[in-house]
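This is how it looks when you write it as structure tokens:
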């Protein structure tokens, strides 16, 4: 790998680096404030490597959720990855030995960098995909580790730090809302969650909500599809 | 949660996340068609799930007792306003979280 290639990769991944380090630090501090230190943060960052899910996992783990709830929540929160995969089948077709890692490391942000057709000229496609995926993974691990260290080194009052997760989801929600004219799916999600929260209570409403969402989306398919054609 | 359960939980989350990333490559080859219902759910599920996650974060807020969810309401309001003004995710998160922390530590 030459200097020019590394420089290109660095520049292309710079926005992801900023985001991953900041969100990773948030995760590390938060996980640390629940009593899980550096080793756990790094393990989670390396093996799970999924931003929103890691934040949700802190709540599930510290709340002592059952394995079934943890598994189903992961399934639904990360279901979108299925669709990234579907659209990358062609792009990763010739990746050979690199393919398993490329697939493992296909996060939202890596997908956003590699799904387009604009790859740097004069660079081997597979090498570029691998370098971008690996760089992003390392940024994320670094961020999570830094957060954990900051959280244990600086003894500040962390009460309320959990709110960074709420804030993260609110910003993603706004971005999603602004990116489409079809707001029915978002409204279905909001209504299902509030209804199930009232019926099942704070400790048991995730699974009913996800079921209600899936059923509602399928039943209302016609209306959502119609809105699409406007 | 003790260390063993925590490790098992992390491994379960990791395995399912990885499985979701691998399944499309295993099931759908470059030539085979993906079922429409899967494509449909994949397209719209993220919007619903994100709304659910926002509610999930606020699930323990008690609207019937002081401070009646005011810190959360103000925090979310700040995130929304900052985000509409600047469209900078990190700024919105940092601004909202710092205000929320100050509110619950010093005001309420």
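Chains as they are written, first to last, in our numbering: chain A, 23 to 252; chain B, 1338 to 1445. All C-beta atoms in this analysis are idealised placements derived from N, C-alpha and C, irrespective of residue type, glycine included. Keep in mind that this is a model prediction, so the values were computed, not measured.
With fewer than 16 other CB atoms across the displayed protein chains lying within 10 angstroms of its CB, residue 85 of chain A is exposed. Secondary structure of residue 1394 of chain B (DSSP, three-state): helix. Residue 1354 of chain B sits buried, since 16 or more C-beta atoms from the chains shown fall within 10 Å of its C-beta. Rounded to whole angstroms, the separation of the alpha carbons of residue 74 of chain A and residue 165 of chain A is 14 Å. If you look at residue 1414 of chain B, you'll find it in the alpha helix (DSSP H) that goes 1407-1423. Within its own chain, the residues whose Cβ lies closer than 8 Å to the Cβ of residue 1411 of chain B, once the five positions on either side in sequence are excluded, are 1436, 1437, 1440, listed in chain order. Look at residue 108 of chain A: its C-beta is under 7 Å from a C-beta on chain B.
Annotated three-state conformation of residue 201 of chain A is coil, per DSSP. In summary, residue 190 of chain A is buried, with 16 or more beta-carbon neighbours lying within 10 Å of its beta-carbon over all protein chains present. One thing to note: residue 66 of chain A has its Cβ no nearer than 7 Å to the Cβ of residue 161 of chain A. Under the rule that a run must span 4 or more residues, the alpha helix (DSSP H) segments found entirely inside the stretch 45-77 of chain A read 60-69. Two segments are said to touch when three or more pairs of C-beta atoms, one from each, lie closer than 8 Å; by this definition the stretch 166-181 of chain A touches the stretch 52-66 of chain A.
Note on geometry: alpha-carbon atoms of residue 1380 of chain B and residue 215 of chain A lie some 19 Å from one another. In this structure, residue 237 of chain A sits away from residue 154 of chain A, with a CB-CB distance that is not shorter than 7 Å.
In the DSSP annotation of this structure, the continuous segment of the alpha helix (DSSP H) that includes residue 164 of chain A starts and ends at 147-175. Cβ neighbours of residue 205 of chain A within its own chain (closer than 8 Å, five residues either side excluded): 199.
Residue 219 of chain A is a Cβ neighbour of residue 1396 of chain B, given a cutoff of 7 Å.
Burial check for residue 33 of chain A: the Cβ neighbour count within 10 Å stays below 16, so the residue is exposed. In the DSSP assignment, residue 88 of chain A falls outside any alpha helix (DSSP H), carrying neither H nor E. Residue contact check for residue 1379 of chain B against chain A: a CB pair falls below 7 Å. Going by C-alpha positions, residue 156 of chain A is about 20 Å away from residue 50 of chain A. Around the beta carbon of residue 63 of chain A, 16 or more other beta carbons sit within 10 angstroms, so the residue counts as buried. Contacts between residue 1361 of chain B and chain A, judged by CB atoms closer than 9 Å, involve 103, 104, 105, 106, 107, 108, 109, 110, 111, 125 in chain order. Counting every other CB atom within 10 Å of its CB across the protein chains shown gives residue 1378 of chain B a total of 16 or more, marking it as buried.
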